[in-house]
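All residue numbers for the sequence shown refer to the numbering used here, where the first residue is 30 and numbers rise by one. Glycine residues also receive a C-beta, built at the ideal position from the N, C-alpha and C atoms. Here the structure is laid out as structure tokens; the discussion comes afterwards.
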Amino acid sequence: MLLYSTKKISPDVDLKEAVLKGLPPDNGLYMPYEMFHAPASFFENLPHMTYNEMAVELTKHIVGSYIPEAKIQEIISQAYDFDAPLIDLGEIKILELYQGPTLAFKDFGARFMGRLMGYFLEGSKQEVNILVATSGDTGSAVAHGFLNVEGIKVTILYPKGKVSDIQEKQFTTLGANITAIEIDGTFDDCQRLVKTAFLDRDLNEKLTLSSANSINIARLIPQSFYYVWAYKQLEDKSLPLYFSIPSGNFGNLTACLFAQAMGLPVSKIIAATNANDIVPQYLQNGNFVPRPSVSTISNAMDVGNPSNFARILDIYNNDWETIHTDIKGYSYSDTETSECIKKVHQEKNFTICPHTAVGYLAMEAFLKDKSEPSNAIVLATAHPVKFGNVVEPLIGEKIEIPQRLSKMLKGEKQSIPMSKNFDDFKEWLMNRM
Ligand SMILES: *Cc1c(COP(=O)(O)O)cnc(C)c1O
30 MLLYSTKKIS
40 PDVDLKEAVL
50 KGLPPDNGLY
60 MPYEMFHAPA
70 SFFENLPHMT
80 YNEMAVELTK
90 HIVGSYIPEA
100 KIQEIISQAY
110 DFDAPLIDLG
120 EIKILELYQG
130 PTLAFKDFGA
140 RFMGRLMGYF
150 LEGSKQEVNI
160 LVATSGDTGS
170 AVAHGFLNVE
180 GIKVTILYPK
190 GKVSDIQEKQ
200 FTTLGANITA
210 IEIDGTFDDC
220 QRLVKTAFLD
230 RDLNEKLTLS
240 SANSINIARL
250 IPQSFYYVWA
260 YKQLEDKSLP
270 LYFSIPSGNF
280 GNLTACLFAQ
290 AMGLPVSKII
300 AATNANDIVP
310 QYLQNGNFVP
320 RPSVSTISNA
330 MDVGNPSNFA
340 RILDIYNNDW
350 ETIHTDIKGY
360 SYSDTETSEC
370 IKKVHQEKNF
380 TICPHTAVGY
390 LAMEAFLKDK
400 SEPSNAIVLA
410 TAHPVKFGNV
420 VEPLIGEKIE
430 IPQRLSKMLK
440 GEKQSIPMSK
450 NFDDFKEWLM
460 NRM
């Protein structure tokens, strides 16, 4: 399996190098040459498969004989012991992606990636330092996905005061090979620090650095699987299939494009954002203008320069006409998002998190002028309890805390405060050994 850089300057690499490195030296993003199309037999057998059987089949198709089948089975069975059910709310269906240990869809990518990296490092003396910037959910998913994986140290950078208490607890209480750094700045500052570290010569001479943000291809590949899993659960598979994807860095949406390339019959992709509407703007007028992120109640999507956008452009060969036909963009304010949480709770007796609400609103808007029946699926990206301080006052009740979370909340927060200056971060990294 060969991968190239979207900047087309750095040489091609195999999967192991792409996964261990994260980013190519030319600062592009790794992309697989072949987005294989799954054989017809795969879709024929799909109704009889479990999630893990499906994931094993798709992984085999993607990596070929590069990883022995027994290893693939081991990676998948260690990564996944939770479901992704499709909930029917009438015109709109919800794909519940928060049944993993950290209650957000990022568990699907992070747990696969942790196991895959662990496999690539088996028997080697190399120690890999994972750097990850988080606006909330990535940190916890990566921390749990990599906890106690041998040969890997994880450093999590997060913006001070801008993640929820529950989110913070999820990645600051684990200890072991996980360290959290609290940056006096925004998520964009955290992302910049990580990106700068990857390009820094001194650091790269001393340490093997890698990324677990959605710039790492190992997170995106397994995220394509749950789109197929949603399809499997549909009663009438012949209807037009729409996915509304609450988006920030657009890894989740890129994974949907991967699923489409595998043969999943997706009719339309809906890009839903909060006030950070850089991509919906681009879809409307063809201009991609990154800008500093603004804080919203759907904070995991507060991204001012979506890193996976380069992959989307690459998939479409920069052809705005086609992108804007295939993908529809919508953005919503915090007020609209809050109203939606209230409404869905009242009308459907179902509680959604602020990110999911943004996706729900976008799907409603998209369906407005459609009269034919469809399979309209909104991705529920996080459990509402993770954003209880926002959601509970809106719905006027307490959300029950799942057991897997209440255990985590008992731990003691441990994090290192730091400025947003790169020199401080660099010095800390150089001296940690
Ligand atoms: C990360 C995250 C998103 C955004 O996903 P991207 O792949 O970055 O677009 C949306 N919702 C939640 C809850 C998240 O944690």
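Beta-bridge pairing by DSSP links V178 to no other residue.
In the three-state DSSP reduction, Y361 falls in the coil class, being neither helix nor strand.
Between K377 and L118 a beta carbon distance of about 5 Å is seen, short of the 8 Å cut, so the two are scored as contacting. The C-beta distance from T410 to R340 rounds to 19 Å, too long to meet the 8 Å contact threshold.
Within the same chain, N158 come within 6 Å of L236 by CB-CB distance, once the 5 residues on both sides are set aside.
Three or more beta-carbon pairs separated by less than 8 Å are not found between the stretch 308 to 321 and the stretch 182 to 195, which leaves the two stretches without contact.
The closest CA to that of D112, considering only V223, W258 and D218, is found on W258.
Counted as a single uninterrupted DSSP element, the stretch harbouring K122 is not any alpha helix (DSSP H) but the beta strand (DSSP E) occupying residues I121 to E125. The DSSP assignment places complete alpha helix (DSSP H) segments of no fewer than 4 residues inside the stretch 277 to 347 at 280 to 290, 307 to 314 and 338 to 344, in order along the chain. With respect to the C-alpha of L249, the residue from L396, L232, K198 and S336 having the closest C-alpha is S336. At least one heavy atom of ligand 1 sits closer than 7 Å to the Cβ of M330.
Looking at A209, V178, K415 and S435, the one whose alpha-carbon comes closest to that of P446 is A209. By the beta-carbon neighbour count (other beta carbons within 10 angstroms, threshold 16), S267 is exposed. Beta-bridge partners assigned by DSSP to S240: L160. Here N245 is not bridged, per DSSP, to any residue. Closer than 7 Å to some heavy atom of ligand 1: that describes the Cβ of T410. When DSSP states are grouped into helix, strand and coil, D117 belongs to the strand group. Taking a cut-off of 8 Å for Cβ pairs, the stretch 367 to 377 and the stretch 345 to 352 do not touch, as fewer than three such pairs fall below it. Distance from the Cα of I212 is smallest, within the candidate group F175, E63, N450 and R461, for N450. In the three-state scheme derived from DSSP, where H, G and I count as helix and E and B as strand, S193 is classed as coil. By the C-beta criterion, the stretch 270 to 282 is judged not to be in contact with the stretch 37 to 56, since fewer than 3 inter-stretch pairs fall below 8 Å. The shortest CA-to-CA distance from L124 to any of K357, P130, K261 and L115 is the one to L115. Shortest Cα-Cα distance from S169 to any of G152, G214, G190 and A139 involves A139. Assignment of S267 by DSSP, reduced to helix, strand and coil, places it in the coil class. Contact holds between the stretch 354 to 362 and the stretch 290 to 306, because three or more Cβ pairs, one in each stretch, are under 8 Å apart. Excluding residues up to 5 positions away in sequence, V178 lie with their Cβ nearer than 6 Å to the Cβ of G147 in the same chain.
At the C-beta level, K189 and K442 stay beyond 8 Å of one another. Here I430 is not near P413, since their CB atoms are 8 Å or more apart.
In this structure, ligand 1 has a non-hydrogen atom nearer than 7 Å to the beta-carbon of F279. Under the criterion of beta carbons closer than 8 Å, I101 and F65 do not qualify as touching, at roughly 15 Å. Under the three-state reduction of DSSP output, E211 falls in the strand class.
In this model, S322 and F134 are separated by some 22 Å (Cα to Cα). Under the three-state reduction of DSSP, A84 is assigned to helix. Taking non-hydrogen atoms of ligand 1 into account, the C-beta of S276 is found less than 7 Å away from one of them. In the DSSP assignment, Y33 falls within the unbroken beta strand (DSSP E) covering L31 to S34.
In the same chain as V161, and ignoring 5 residues on each side of it, the C-beta atoms closer than 8 Å to its own belong to T167, G168, V171, V183, T184, I185, L186, V223, S240, A241 and N242, in chain order.
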